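Below is one structure; the comments refer to it alone.
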Amino acid sequence: MGLHAREQQHKLNSLACLAMGMQGWKTTIELNNDSYVSGRIVEVDAKMNMEISEARYTDGNGKSLNLDNFHVRGRKIRYVHIPDQVDIMKMLEEMVVIQKKSRKTSVKTHIAQKRTEQTLKRYRRQQEEAAAAALSGESIASSSKTTPR
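As structure tokens, then:
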């Protein structure tokens, strides 16, 4: 099912695309009322409304309830826990590539897509620079330890 132009633009301008990429993953979603839901994400829309299966709802008092399906409105979500196995950058890039392949895009969606691509490139460049600085810092530290004074 395709998204409308406004939903596509909203998806690219927010982290909803990350939540959309997590479909099929088991995770925990913290809600605004100090409760949380753990389960498998089945569906996410552009407003981050989520459908969760195999859900375990725990209220603020610690009482748990197992449910087959659970729906969460996007505005009620405080945090979405991202599993350690998820490669966030790869997932975001895949969501942008999927968006590129669609035939018709509005001007706003096109602009949002370009901004997202630029942000991903800038972030990737910063990671590479940090890794290079860390390597050069390690080599400087190791050379200072080996030189006699």
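Residue 33 in UniProt numbering sits at position 33 of the sequence shown, and the numbers go up by one each step. C-beta: ideal position from N, C-alpha, C; glycine also. What you are looking at is a predicted structure, and each value in this text was computed from that prediction instead of being measured.
Using 8 angstroms as the threshold, is the C-beta distance between residue i and residue j below it?
i	j	result
residue 37	residue 53	no
residue 34	residue 62	no
residue 71	residue 51	yes
residue 18	residue 109	no
residue 89	residue 120	yes
In this structure, what does DSSP give as the bridge partners for residue i?
i	result
residue 77	31
residue 14	Note: residue 14 sits in no beta bridge, so no partner.
residue 121	Answer by DSSP bridge pairing: none, since residue 121 is not bridged.
residue 26	40
Roughly how many angstroms lie between the CA atoms of residue i and residue j, to the nearest whole one?
i	j	result
residue 47	residue 73	8 angstroms
residue 68	residue 5	32 angstroms
residue 115	residue 136	31 angstroms
residue 126	residue 132	10 angstroms
residue 15	residue 122	17 angstroms
residue 134	residue 66	46 angstroms
residue 106	residue 8	9 angstroms
residue 129	residue 49	36 angstroms
residue 44	residue 79	14 angstroms
Taking the beta strand (DSSP E) that residue i belongs to, which residues open and close that run?
i	result
residue 71	64-72
residue 41	36-44
residue 52	50-58
Closest by CA to residue i, which one among the options?
i	options	result
residue 93	86, 28, 117	117
residue 32	25, 75, 40, 111	75
residue 56	121, 27, 49	27
residue 87	7, 21, 9	21
residue 111	123, 96, 124, 122	96
residue 24	123, 107, 85	85
residue 64	77, 39, 79, 49	39
residue 77	10, 30, 83	30
residue 10	124, 113, 128, 129	113
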